[in-house]
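Peer 1: First the structure, which I've put down as structure tokens, then a few questions once you've had a look.
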Amino acid sequence: MDNKKIAEMLEEIAEMLELDEEKDRHFEVRAYRKAALTIGSMQEDIRDLYKRKGERGLLELPGIGKGIAGSVIEFLENGRMSKYDDFKKRYPLDFKDLSNIQGLGAKRIYKLYRSLGVKDLSTLKAAVEKHEIRELEGFGARSEEELLRGIKRVESGKGRLLLGSALPEAETIISKIKRSGLVDAVELAGSARRMKETVGDLDILVISNKSKEVMDFVENMDEVSETVVKGPTKTTVMLKIGITCDVRVVKKESIGAALQYFIGNKDHNVKVRQIAIRKGYKLNEYGLFGSRGKRIAGRSEKEIYEKLGMQIMDPEMREDRGEVELSLEHKIPKLIQLEDMHGDLHVHTNHSDGSDTIEDMILEARSIGREYIGISDHSKSEYVAGGMDDKKFAKHFDEIDKISDKIDGIKVLKSAEIDILKDGGLDLQRKTLERMDYRLGAVHTNTKMGKDEMTKRIIKAFESGYVDILAHPTGRLIQKRDPIDVDLDRVLEAAKDNGVIMEIDSFPERLDLGDENVLKAKREYGLKFSIGSDAHSKAQLGFIRYGVGTAKRGWLRSDEVVNTYHIAKLMKLFKG
DNA sequence: GCCGTTTTCGGCCCGACTGTTTTCAGTCG
Numbered sequence: 011m012d013n014k015k016i017a018e019m020l021e022e023i024a025e026m027l028e029l030d031e032e033k034d035r036h037f038e039v040r041a042y043r044k045a046a047l048t049i050g051s052m053q054e055d056i057r058d059l060y061k062r063k064g065e066r067g068l069l070e071l072p073g074i075g076k077g078i079a080g081s082v083i084e085f086l087e088n089g090r091m092s093k094y095d096d097f098k099k100r101y102p103l104d105f106k107d108l109s110n111i112q113g114l115g116a117k118r119i120y121k122l123y124r125s126l127g128v129k130d131l132s133t134l135k136a137a138v139e140k141h142e143i144r145e146l147e148g149f150g151a152r153s154e155e156e157l158l159r160g161i162k163r164v165e166s167g168k169g170r171l172l173l174g175s176a177l178p179e180a181e182t183i184i185s186k187i188k189r190s191g192l193v194d195a196v197e198l199a200g201s202a203r204r205m206k207e208t209v210g211d212l213d214i215l216v217i218s219n220k221s222k223e224v225m226d227f228v229e230n231m232d233e234v235s236e237t238v239v240k241g242p243t244k245t246t247v248m249l250k251i252g253i254t255c256d257v258r259v260v261k262k263e264s265i266g267a268a269l270q271y272f273i274g275n276k277d278h279n280v281k282v283r284q285i286a287i288r289k290g291y292k293l294n295e296y297g298l299f300g301s302r303g304k305r306i307a308g309r310s311e312k313e314i315y316e317k318l319g320m321q322i323m324d325p326e327m328r329e330d331r332g333e334v335e336l337s338l339e340h341k342i343p344k345l346i347q348l349e350d351m352h353g354d355l356h357v358h359t360n361h362s363d364g365s366d367t368i369e370d371m372i373l374e375a376r377s378i379g380r381e382y383i384g385i386s387d388h389s390k391s392e393y394v395a396g397g398m399d400d401k402k403f404a405k406h407f408d409e410i411d412k413i414s415d416k417i418d419g420i421k422v423l424k425s426a427e428i429d430i431l432k433d434g435g436l437d438l439q440r441k442t443l444e445r446m447d448y449r450l451g452a453v454h455t456n457t458k459m460g461k462d463e464m465t466k467r468i469i470k471a472f473e474s475g476y477v478d479i480l481a482h483p484t485g486r487l488i489q490k491r492d493p494i495d496v497d498l499d500r501v502l503e504a505a506k507d508n509g510v511i512m513e514i515d516s517f518p519e520r521l522d523l524g525d526e527n528v529l530k531a532k533r534e535y536g537l538k539f540s541i542g543s544d545a546h547s548k549a550q551l552g553f554i555r556y557g558v559g560t561a562k563r564g565w566l567r568s569d570e571v572v573n574t575y576h577i578a579k580l581m582k583l584f585k586g
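Under this note's numbering, think of the first position of the first sequence as 11, with each following residue one higher.
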């Protein structure tokens, strides 16, 4: 997949454009940055999009116009981008790595290049170590130290964290700040609040009149490895887990405005602020202000959106995917909430690769309020994961029946995560499949096969009539493994024809389907979904909240997710 | 370079923090 490569090239072009001394090209710079962001965060391979829809497909992407589309097409067709190559001849520098260093932008990078010949991380490091940098005009001993810290940070840098790591860390920090006694309220903002699958930094907002004490407290928390910036109302610290955390202190009358400002992604915010300007207002993180600078709103987000003639929406929607327009029409859907989840249909036990017993998993599910749980261990092709054959499944199901007879207050369903074999067949015999309450199908093996073959393989499995839910449909592992090469549109179409439910696997490194594809499957194919925890231990049953976050990011209502149904309705669906 | 319920031209968010500056440029989000 070339998305990342193309995004990096566009990002570097933006850096190099910043160096133009003859005229201010900063809007052009922003255009390239936006295009880079769009392409870098796409879930579909841009090459596929281009094959399918040609230039028109690229032009439909936000922030891509004729100019940038031309460069992208040139790269897709010929493997090179002349605009990039031309710039690179003038500036033979590794902007990509260097600009990762905190405090280094295009201009300072170029200055270091011209005066000291710094081209990449290693030459920068050498210059720092020889104390050459402190001699430069505009730099000093402190900048040199800062750069050294920046280099170390990048070298040990882990980049973005999975939501499943970042969110619990944020919750720990928030509860510590709350318990400090220095604050009236603490709120999470940023991409973690939007439940984005990966998080680059944490944004925390605090209401307090002891600003300085709060800043000191944050700096000295156990989770912190170093202070990056510290001012009277804002402190940035590097956390030991490898991402930074911004803590801002705001006044009570501004908290709504601050939340509005720091929760939405950039594009969402720009649009909302443009609406404010059209109405003759000004919106910033301190409030919504009228023409004479009078504060009109700011205490709550709802108040701000309402004064703008908009309907407030959950944080997960604020990605500028059409929600601003919908909000102006007061047509924001009522999204699914965690409390709507009545059951879990994807759970493993120690009969395959889980670590807890059937009984423990059932009891834990009951204790967190589930009305039903589906036990879905692996089938035999997954031998590394302790997958079972038909004989073992017969015994396994007997045991589930026996245990569930003993336990009240929760309905236990028999299922399996059945391998969809290379030829599209299923990994278990019909009589085993018939004994299940419902069936998950999944691709685990031969994941590198060609697109057409893979697509046919999955569709054939659907047509057997024994796949109720397609588990982790694309098989991706975030930051680790690309999705399988499959024609998702054909798969979704076939799912619609065969009544197959798409899973949102809640495991933090899967979140599969991802948010964009959830939205696509809902909008274009009207499919139903199941949010499964894919828990391999008791504690992991709680992962379902990440799946719910992804569902909300895909704009799902509770009636579109089958495990919000009560058991009778669900069983009718599976029998039907 | 992108974009269109003020538009095919003329806008495009703006405040906080830092270091080295003696009044602000660069960077960040």
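All C-beta atoms, glycine included, are put in the ideal place defined by N, C-alpha and C.
(1) Below 8 Å on the Cβ atoms is my contact criterion, and I expect residue 568 with residue 346 to pass it. Report the Cβ-Cβ distance as a whole number of Å.
(2) Give me the residue from 313, 284, 289, 288 with the minimum Cα distance to residue 297.
(3) For the stretch 453-516, which segments carrying the beta strand (DSSP E) assignment without a break, of at least 3 residues, lie completely within its bounds, in sequence order?
(4) Counting C-beta neighbours from all protein chains within 10 Å, is the total for residue 527 16 or more, i.e. buried, or is it exposed?
(5) Of the choices 513, 554, 397, 546, whose alpha-carbon is the least far from that of residue 570?
(6) What are the start and end residues of the alpha helix (DSSP H) that includes residue 359?
(7) Just confirm the distance between the C-beta atoms of residue 546 and residue 364, as a whole number of angstroms; I'd bet it's less than 8 Å.
(8) Could you name the residues of the same chain whose beta carbon sits closer than 8 Å to that of residue 4, not counting the 5 residues immediately before and after it, in chain order?
(9) Do residue 204 and residue 328 come within 8 Å of each other at the CB atom, strictly closer than that value?
(10) Residue 385 lies in the beta strand (DSSP E); which residues open and close that run?
(11) List the endpoints of the continuous alpha helix (DSSP H) containing residue 403.
(12) For residue 239, I'd like the list of residues in its chain whose CB is within less than 8 Å of its CB, leaving aside the five on either flank, ordered along the chain.
(13) So what does DSSP say about residue 341, is it helix, strand or coil?
(14) What is the C-beta distance between residue 474 and residue 437, in whole angstroms, given that I count them as a contact (C-beta under 8 Å)?
(15) Hey, would you say residue 209 sits closer than 8 Å to residue 196, going by beta carbons?
(16) Could you tell me the alpha carbon to alpha carbon distance between residue 584 and residue 40, rounded to whole angstroms?
(17) What alpha helix (DSSP H) runs, 4 residues minimum, are completely inside the stretch 141-176?
(18) With C-beta atoms as the reference, is residue 57 less than 8 Å away from residue 12?
(19) Considering only C-alpha positions, which residue in the set 520, 190, 218 is nearest to residue 491?
(20) Is it buried or exposed, residue 93, if we count other Cβ atoms within 10 angstroms and call 16 or more buried?
(21) Going by DSSP, name the residue or residues bridged to residue 298.
(22) Counting beta carbon pairs with one atom in the stretch 12-31 and one in the stretch 45-62, are three or more of them shorter than 8 Å?
(23) Bridge partners for residue 254 per DSSP, in chain order?
(24) Apart from the five residues just before and just after residue 116, which ones in its own chain have a Cβ nearer than 6 Å to its Cβ?
(25) How about residue 488: is its Cβ closer than 7 Å to a heavy atom in the ligand SAM?
(26) Would you report the Cα separation of residue 582 and residue 510, rounded to the nearest angstrom?
(27) Check whether the stretch 441-454 and the stretch 466-480 touch, using three or more Cβ-Cβ pairs below 8 Å as the test.
(28) For residue 2 and residue 255, I'd like the C-alpha separation in whole angstroms.
(29) For residue 307, which residues of its own chain have a beta-carbon under 6 Å away from its beta-carbon, when the five flanking residues on both sides are left out?
(30) Looking at the secondary structure, which residues open and close the alpha helix (DSSP H) in which residue 267 lies?
(31) Just to confirm, is the Cβ distance from residue 422 to residue 465 under 8 Å?
(32) Pick out the complete alpha helix (DSSP H) segments inside the stretch 181-234, 4 residues or longer, and give them in chain order.
(33) So residue 450 packs on residue 471, CB below 8 Å; how close in whole Å?
(34) From residue 181 to residue 287, what does the alpha carbon distance come to, in whole angstroms?
(35) Please name the residue or residues paired with residue 425 in a DSSP beta bridge.
(36) By the three-class DSSP mapping on this structure, what secondary structure does residue 571 have?
Peer 2: Taking the structure as given:
(1) 4 Å
(2) 313
(3) 511-515
(4) buried
(5) 513
(6) First-last for residue 359: undefined, no H or E at that position.
(7) 5 Å
(8) A question about residue 4 goes unanswered here, because the residues of the chain that appear run from 11 up to 586.
(9) yes
(10) 382-388
(11) 400-416
(12) 245, 246
(13) coil
(14) Residue 474 to residue 437, Cβ: 12 Å. No contact.
(15) no
(16) 50 Å
(17) 151-165
(18) yes
(19) 520
(20) buried
(21) 293, 307
(22) yes
(23) 211, 248
(24) 25, 28, 29
(25) With respect to the ligand SAM, the structure shown offers nothing to examine, as it has no ligands at all.
(26) 15 Å
(27) yes
(28) An answer regarding residue 2 cannot be provided, because it is not within the stretch 11 to 586 covered by the chain.
(29) 298, 313, 314, 317
(30) 265-273
(31) no
(32) 200-203, 221-229
(33) Going by Cβ atoms, the distance from residue 450 to residue 471 rounds to 11 Å, so no, they are not a contact pair.
(34) 35 Å
(35) 386
(36) strand
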